[in-house]
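K.L.:
What follows is a single structure, and I will ask about it in a moment.
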Amino acid sequence: MTALTAVLMPSIAGAAPWQVDNNVQLPDSGYVTQKLELVDVDNDGFVDIVFANSSGDNTGSVQNAQLNQLLINDNGAGFTEQGGVFEDEDNAYVIKAGDLDDDGDADLVVGVNFTGQSYVLLNEGNGDFTRQDITPGNNKSIGDLELGDIDGDGDLDIVATDWGSSQPYGDPVDQGASLHLWLGNGDGTFDNGDGNLPMGMATWSAWSFDIELVDVDNDYALDVLVSNRGVGFGFGLKNDGNGTFTKLSVPALEANIAKQVNASFTPSDFNGDGFIDLITLQDGVGQGGNCLDIMGVQYCAKRNSVLINNGMGNYPTDNQGNYWAIANNPAKLDFDAATLDFNNDGRPDFVVTGVRLGPNDKNSRLFLNKNGTTVEPAPVPQDAAFPIVPELASTFGLQFADFNHDKREDVALASRDAASKNFVLFGRNDPTDGVAIDTTPPRIFDDGFAAKLGTLLFFGKQAGIEARVDDYKTPVRWHDFLFDTGLGDLNLTGDGATLIAHGRRLPYMEFALGLGDPNELETMADDDPKKFIAPSIWFGEALWRVGFTVPYNGSPTDTLTWQYCAIDAAGNRDCVGPFSVELEIDPNDCGDGTVQEWETCDEDSETCVDCQETCGNGTCDPNETPANCPEDCGPNPCDNDGACEPPENAENCPDDCDYDGVCGDDICQNPPETPENCPQDCNPCDNDGACEPPEDSVNCPNDCDYDGFCGDDICQDPPENEMNCPEDCLPEPTDGGICGNGVCDANESVQTCPEDCAVCGDDICTNPPENADNCPADCSGATASDGECPDTAGGVDGQCQLDDDGCGCVAEPEGGTRGLWASLLLFGVFGVRRFRKRA
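The opening residue of the sequence shown carries number 5 in my numbering; numbering runs sequentially from there.
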């Protein structure tokens with residue numbers, strides 16, 4: 005028997021509800037534990053433990069760094085430290101568990117103090133973790149942090165307290181530091197969201213041991229409560245629902261100097277009105293002389309308080325109605341409290357723990373909730389929750405869970421003392437003063453469930469609700485609920501259907517379609533294929549969100565019957581409901597670009613455009629033919645408009661198709677095609693600014709709104725220019741001449757463009773266009789008598805006089821020259837050389 009066991013054995017007989025199992029000891033190496041976290045990290049159904057270790061207090065540095073610990077539960081028979089998870093020592097003050105990368109298992113976020121680097125350990129399964137530094141979390145002094153979906157985007161965020169760097173912390177001149185908001189991206193990384201927090205918070209709470217995310221006003225948006233041990237006071241921040249905060253003054257925390265100090269908050273609904281109340285520790289008046297030096301810091305005993313929510317999201321006074329009477333609330337050095345339903349009466353009781361003030365001081369006490377109106381110590385000897393032994397004299401943190409699956413709540417304790425070990429205590433099996441088997445189902449806060457889904461839903465649309473559910477325990481964790489090995493075999497649906505690596509039957513919505521009697525849902529087996537189960541997703545405090553797509557059952561109208569349920573780790577089940585909702589097809593679905601299973605159109609159909617069936621609308625649309633839509637296009641599509649428009653052809657529309665061509669071949673065959681019956685071929689208007697025939701003021705008013713047209717040898721600029729009317733406006737004579745325009749430009753020659761460059765009289769017969777008839781001067785024989793040009797003016801054949809006889813032969817006058825022939829032929833046969841005219 006070990007010395008530890010020998011010390012604890014006498015106290016076991018002292019009838020404390022929780023006791024040490026001598027066979028279950030936790031590994032310890034002289035660590036100072038600041039906080040603990042419970043989590044089933046390996047998803048085997050047994051709850052494991054994480055300890056955040058650091059020996060620093062109001063001062064600290066790298067010399068205070070220690071190795072953190074992950075202890076794996078060996079099926080309730082003991083705990084084994086898993087190595088390799090925390091590879092380096094650091095000054096972790098808090099470690100919290102949550103699904104940071106949206107894969108359904110628990111990851112760890114580590115808040116490091118004394119200007120260290122906070123980080124995430126992503127759970128890869130099989131005991132492997134990947135470290136990922138929190139980029140905004142460098143060079144901070146994190147005293148505490150909480151996880152929750154702050155901005156409603158579905159990813160867990162972090163809110164953290166920062167002590168700053170002005171050591172010693174809590175000193176009257178401590179400058180403090182502001183809170184931090186780190187917004188999760190769903191992959192274990194975080195962005196800096198400090199801009200969403202109000203400015204000037206540095207001295208509101210300069211030395212905070214505890215921060216809580218709590219929906220104080222039941223709008224399903226997580227608000228913030230911050231404790232204080234130094235300069236300033238405890239305060240709150242109100243969330244606008246989108247992750248932006250404003251200061252929430254809490255009168256019960258700011259009433260007087262004595263109330264401005266509090267060690268921690270424990271949120272729960274103690275009076276059953278559906279709003280979250282608070283246990284606050286060390287925020288009451290002190291009791292002279294009860295002060296202790298703890299790790300070099302002087303702590304003095306103070307009373308605790310219960311703050312009752314006023315139903316509007318605030319706390320006007322402490323211990324309202326003498327909720328926690330002074331006689332039962334002496335000054336203590338309490339540092340943590342956790343709730344549970346100890347006596348199975350459907351109300352949260354709690355255990356408060358801290359530092360022992362004397363050898364026989366009950367530093368861990370059990371308080372029972374009396375009808376929601378007051379709390380009282382459990383009857384002796386149960387009021388001493390844990391054995392009064394030296395090893396348990398400095399318990400700074402506790403959390404409840406059933407470690408050995410006997411359906412009794414056990415407890416893990418963290419010691420903030422290097423000389424004391426951390427412990428697991430088990431609920432004692434004694435019908436008189438032990439811990440009773442859990443027979444109470446979880447608590448589902450009914451805040452108008454019947455109206456949460458409304459009265460009408462549409463097939464294929466997203467639906468869902470938000471709810472508050474706990475097993476009377478604070479904090480709320482996955483392992484509070486049933487470990488279900490058959491969870492993956494159920495007909496799961498919704499956002500949480502794939503996030504079940506944890507294996508827990510988290511609070512869920514179950515529903516079925518087409519039930520004649522809503523009560524049938526209550527008797528349907530979980531594995532009934534007609535029953536859908538939509539698991540919820542935790543997003544902070546005791547808040548859960550369930551979302552799913554409304555299924556279709558083959559009928560245009562239906563009924564969805566649903567209820568919301570929770571099963572705790574001991575197998576106790578409760579549901580709210582059943583309720584019924586009518587289902588219909590959303591009339592706005594057709595044409596939304598998505599082919600739903602109740603829509604008859606097929607995305608591969610030629611007559612279905614964006615899920616809108618065009619066939620039947622009375623118009624033969626371009627995507628329709630007589631074959632695929634005879635209703636609109638046939639069987640005879642002939643419209644007798646004079647133009648042959650496919651699917652018209654010579655067989656089905658001979659009156660329109662009796663010409664060579666079809667409307668749409670880019671050739672305007674007029675008649676029969678006109679701008680009216682075939683605009684694609686016959687509307688010549690190109691809107692280029694120039695009036696080019698057949699454009700005119702009727703068919704192309706935009707181009708033909710000036711006096712003139714392109715091709716009249718006048719460049720009217722504007723609107724004509726070289727681009728839209730080159731025949732009128734192209735520069736002369738060298739700038740890009742066009743063969744056939746009547747101008748022999750510099751880039752043209754007799755060989756390349758004889759029609760522009762051939763000149764009668766140049767002694768060159770360029771044929772074509774010159775020949776003996778039109779240019780005898782160059783092509784020979786034109787002046788000789790050929791019998792084809794009789795002289796009608798009295799001369800001999802072939803010797804015409806100057807006057808032309810009309811036969812195309814111009815005679816050279818007596819005494820004339822060859823040049824006169826050339827001049828006359830040049831200007832008479834070919835005409836005057838054409839030059840472009842400029843405006």
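Ideal Cβ placement from N, Cα and C applies to all residues, glycine included.
In this text the structure is predicted, and so the values were computed from the model without any measurement.
1. Look at the Cβ atom of CYS642, then the Cβ atom of CYS657, and state whether they are nearer than 8 Å.
2. Checking 8 Å against the spacing of the C-beta atoms, do ALA96 and VAL114 come in under that value?
3. Could you check how far apart the C-beta atoms of GLY276 and GLY192 are, in whole angstroms? I think they sit under 8 Å.
4. With a CB to CB cut of under 8 Å and the five nearest residues on each side skipped, what residues in its chain are close to ASP711?
5. Using DSSP with H/G/I as helix, E/B as strand and the rest coil, what is LEU71?
6. Is DSSP giving GLN38 helix, strand or coil here?
7. Quick one: measure Cβ to Cβ for PRO676 and GLY646, integer angstroms, because I've assumed they're closer than 8 Å.
8. State whether the segment 436-450 contacts the segment 340-358, with contact taken as three or more CB pairs (one from each stretch) at a distance under 8 Å.
9. Relative to the C-alpha of GLY147, which residue among VAL28, TYR319, ASP662 and GLU216 is closest?
10. Assuming GLU759 is part of the beta strand (DSSP E), what are its boundary residues?
11. Can you list, in chain order, the residues of its chain whose CB lies under 6 Å from that of ASP137, leaving out five sequence neighbours each side?
12. Just the C-alpha distance for GLN324 and ILE537, rounded to the nearest angstrom, thanks.
13. Any idea which residues DSSP pairs LEU587 with across the strands?
14. Given a cut-off of 8 Å on the beta-carbon distance, is the pair LEU183 and MET203 in contact?
15. What runs of the alpha helix (DSSP H), each 4 residues or longer, lie entirely inside the segment 648-707?
16. What does a CB cutoff of less than 8 Å around THR623 pick up in its chain, not counting 5 residues either side in sequence?
17. Just checking PRO676 against the ligand GTP - is the residue's beta carbon closer than 7 Å to any of the ligand's heavy atoms?
18. Considering only C-alpha positions, which residue in the set ASN266, LYS465 and THR611 is nearest to THR629?
19. Considering only the alpha carbon of each residue, which of LYS306, LEU296, ASP297 and ILE283 lies closest to GLY2?
20. Based on DSSP bridge pairs, tell me the residues matched to TRP167.
21. Between GLY28 and VAL428, how many whole angstroms is the CB-CB distance? I'm expecting something under 8 Å.
22. CA-CA distance, ASN294 and LEU71?
23. Do three or more CB pairs link the segment 569-585 to the segment 518-525 at distances below 8 Å?
24. By DSSP, does ASN142 sit in helix, in strand, or in coil?
25. Starting from ASP782, trace the beta strand (DSSP E) in both directions and tell me its first and last residue.
26. Per DSSP, what are the beta-bridge partners of LYS251 in this structure?
27. Within its chain, find whatever has a CB closer than 7 Å to the CB of ASP670; leave out the 5 residues flanking it on each side and keep chain order.
28. Name the DSSP bridge partner or partners of LEU402?
29. Roughly how many whole angstroms lie between the Cα atoms of PRO352 and ARG509?
30. Please classify VAL265 as buried or exposed, where buried requires at least 16 neighbouring CB atoms within 10 angstroms.
31. Grouping DSSP H, G and I as helix and E and B as strand, with all else coil, what is SER66?
32. Taking GLU849 and CYS761 to be in contact with their CB atoms under 8 Å, please state how far apart those CB atoms are, rounded to whole angstroms.
33. Give every residue of the same chain whose Cβ lies closer than 6 Å to the Cβ of LYS251, excluding the five residues on either side of it in the sequence, and list them in chain order.
34. Can you tell me the Cα-Cα spacing of ALA19 and PRO385, whole angstroms?
35. Between GLY317, TRP566, LEU372 and ILE392, which lies nearest to PRO383 when the distance is taken from Cα to Cα?
36. For GLU617, which residues in the same chain have their Cβ closer than 7 Å to its Cβ, ignoring the five residues on either side in sequence?
P.N.:
Taking the coordinates as given:
1. yes
2. yes
3. With 8 Å as the limit, GLY276 and GLY192 do not qualify as a contact, their Cβ atoms being about 38 Å apart.
4. GLN720
5. coil
6. If DSSP states are grouped into helix, strand and coil, GLN38 belongs with the strands.
7. 4 Å
8. Yes: the two stretches touch, three or more of their Cβ pairs being nearer than 8 Å.
9. GLU216
10. Careful: GLU759 lies outside any beta strand (DSSP E), inside the alpha helix (DSSP H) at 758-761.
11. GLN121 and TYR123
12. 42 Å
13. Beta-bridge partners assigned by DSSP to LEU587: LEU461 and ASP562.
14. no
15. 683-686
16. ASP636
17. Absent from the structure shown: the ligand GTP. Ligands present: none.
18. A check of alpha carbon separations from THR629 across ASN266, LYS465 and THR611 identifies THR611 as the nearest.
19. Because the chain spans 5 through 843 in this model, residue 2 falls outside it and cannot be assessed.
20. In the DSSP output, where bridge partners are listed per residue, TRP167 has none listed.
21. Just to set this straight, residue 28 is Val in the shown sequence, not Gly. So it is a contact: roughly 6 Å between Cβ atoms.
22. 33 Å
23. The segment 569-585, when compared against the segment 518-525, does touch it at the 8 Å Cβ threshold.
24. strand
25. It is not in any beta strand (DSSP E) - ASP782 instead sits in the alpha helix (DSSP H) that spans 780-783.
26. LEU241
27. Hits under 7 Å: ASP685.
28. Partner(s): LEU417.
29. 22 Å
30. With 16 or more other Cβ atoms within 10 Å, it is buried.
31. First, the residue type needs correcting, since residue 66 is Val and not Ser in the sequence shown. Reduced to three states, the DSSP call for VAL66 is helix.
32. This structure does not reach residue 849, given that the chain is present from 5 up to 843, and the question cannot be answered.
33. Setting aside the 5 residues that flank it on each side, LYS251 is surrounded in the same chain by PRO202, each with a C-beta closer than 6 Å to its C-beta; the list follows chain order.
34. 6 Å
35. LEU372
36. Closer than 7 Å at the Cβ level, and outside the excluded window around GLU617, lie CYS605 and THR611.
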